[in-house]
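Trainee: Questions regarding the structure given below will be posed in turn.
In the numbering used here, the protein residues as written are 181 to 256.
Here is the structure:
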């Protein structure tokens, strides 16, 4: 029983970390999109667009890790 509780606790910790990471990425994304929209020069817009693209890729990576972890949890 203690092993199960520890396992569930570890899963909960991971879910909290995924949630925090997504929140942080969301803040970066919102600010990069704002910079992209408000920048007056092409260089700044281009750099902000690169940040937007990278954050979206990072969010996708988080989803993929979460999905793989979930599928390995159900197959164990």
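The beta-carbon is built from N, C-alpha and C at its ideal position, and this holds for glycine as well.
Values in this document were obtained by computation on a predicted structure and should not be read as measured data.
1) Contact check, residue 235 vs residue 216 under 8 angstroms by CB: the rounded distance?
2) Quick one: measure Cβ to Cβ for residue 239 and residue 205, integer angstroms, because I've assumed they're closer than 8 angstroms.
3) So, using beta-carbon positions, are residue 198 and residue 246 closer together than 9 angstroms?
4) When you compare each of 219, 201, 228, 190 to residue 242 by their alpha carbons, which one comes out closest?
5) Determine whether the beta carbon atoms of residue 220 and residue 228 lie at a separation below 9 angstroms.
Mentor: Looking at the coordinates:
1) The pair is not a contact, with the Cβ atoms about 11 angstroms apart (cut-off 8 angstroms).
2) Yes, residue 239 and residue 205 are in contact; Cβ-Cβ is about 5 angstroms, under 8 angstroms.
3) Yes; because the gap between Cβ atoms is below 9 angstroms, this pair is in contact.
4) Comparing Cα positions, the closest option is 201.
5) No Cβ-Cβ contact shorter than 9 angstroms links residue 220 with residue 228.
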